[in-house]
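Here the sequence shown is numbered in UniProt numbering, starting from 1 and rising by one per residue. Before any comments, here is the structure.
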Amino acid sequence: MITTICFAVDSSLGKLCKWLRILGFDTILEDDFSASRRTALAKEGRCLLTRITALKNSPHDGRLIFIRANDPFEQLGQVITETGISIADVDLFSRCIRCNRTLSGVDRALVLNRVPDYIAETVDNFHQCAECGRIYWHGSHGNRMRRRVAQLFGLSDDNPSRQRMGDAEPG
Ligand SMILES: [Zn+2]
């Protein structure tokens, strides 16, 4: 059983990185997969995800998964299968897709002039990334992603507790 699930992905896996962040997992994009850097990442408890064939059979202290598929969604499926991640481990839309920082609630009044009018009129709760300033909210924007995540775990997407989410660039 993995207690904290976190990843380092090589720089060819940018879309997979984004998906793992959407699911709420601490995921860093890493250019340097040298032996010493891999050891450091393993000490941080990060599971390494790579498409670098040379690493496939090289010795490594921690967990390293060689990603086979080209499609990011299939890649994500492989990671879920091989790590044993369950839907209970997922905290959807809790982390900034761009910075990997966990989001915090933000005062509605502070962000209303930075989101589309129809969002300002209909949405009550907003979250913000302290790193890049991007604003996130529950809305229809993330509906497709939510459906795909449900598919990944073999669930239907009609669970009302799983809320939809949208986002905006910082103003
Ligand atoms: Zn951010």
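Every residue gets a Cβ at the ideal spot worked out from N, C-alpha and C, and that includes glycine. As the structure is a computational prediction, the values presented were derived from the model and not from experiment.
query: If Ile52 and Phe33 are in contact, beta carbons under 8 Å, what's the gap, nearest whole angstrom?
result: As a position in the sequence shown, residue 52 is number 52, starting the count at 1. As a position in the sequence shown, residue 33 is number 33, starting the count at 1. Their Cβ separation, rounded to whole angstroms, is 6 Å, which keeps Ile52 and Phe33 in contact under 8 Å.
query: What's the call for Leu13, buried or exposed, on a 16-neighbour Cβ count within 10 Å?
result: The residue you call residue 13 lines up with position 13 of the sequence shown. Leu13 comes out buried.
- prompt: Asp167 bridges to which residues according to DSSP?
  reply: Here residue 167 corresponds to residue number 167 of the sequence shown, with the count starting at 1. Asp167 pairs with Tyr136.
field: Arg108 in three-state terms, based on DSSP
entry: For the purposes of this step, residue 108 is identified with residue 108 of the sequence shown, where counting begins at 1. For Arg108, the secondary structure class from DSSP, reduced to helix, strand or coil, is helix.
task: Hey, could you find the ends of the beta strand (DSSP E) Cys47 is sitting in?
output: Taking the sequence shown and counting its residues from 1, one reaches residue 47 at position 47. Annotation: the continuous beta strand (DSSP E) that includes Cys47 extends over Arg46 to Thr50.
message: Within 10 Å of its beta-carbon, does Tyr136 have 16 or more other beta-carbons around it, so buried, or fewer, so exposed?
response: Indexing the sequence shown from 1 puts residue 136 at position 136. Tyr136 should be labelled buried.
Backbone secondary structure at Asp91 - three-state DSSP: Working through the sequence shown from its first residue, we reach residue 91 at position 91. Three-state result, Asp91: coil.
- prompt: Between Pro72 and the rest of its own chain, which residues show a CB-CB distance below 7 Å, the 5 nearest in sequence each way excluded?
  reply: Working through the sequence shown from its first residue, we reach residue 72 at position 72. Excluding residues within five positions, the ones whose Cβ falls inside 7 Å are Lys15, Leu16 and Trp19.
- prompt: By a C-beta neighbour count over all protein chains shown, 10 Å radius and 16 as the cutoff for buried, is residue 181 buried or exposed?
  reply: No information on residue 181 is available, as it lies outside the stretch 1 to 171 that the chain covers here.
field: Rounded separation between Arg114 and Thr102 - CA only
entry: Here residue 114 refers to the residue found at position 114 of the sequence shown. Here residue 102 refers to the residue found at position 102 of the sequence shown. Arg114 and Thr102 have their C-alpha atoms roughly 20 Å apart.
task: Measuring alpha carbon to alpha carbon, tell me which of Gly133, Gly154 and Arg38 ends up nearest Cys99.
output: Here residue 99 is taken as the residue at index 99 of the sequence shown, counted from 1. Closest in alpha carbon position to Cys99, among Gly133, Gly154 and Arg38, is Gly133.
- prompt: With respect to the alpha helix (DSSP H) encompassing Ile5, which residues constitute its N-terminal and C-terminal limits?
  reply: Start at 1 with the first residue of the sequence shown, and residue 5 comes out as number 5. Run containing Ile5: none; DSSP gives neither H nor E here.
- prompt: Quick one: what's got a C-beta closer than 6 Å to Pro160's C-beta in the same chain, skipping five residues either side?
  reply: Locating residue 160 in the sequence shown gives position 160, counting from the first residue. Confidence is the limiting factor: at Pro160 the pLDDT is only 43, short of 50, which leaves the residue's position unreliable, though a coordinate-based value still follows. So the list is empty, once near-sequence residues are dropped.
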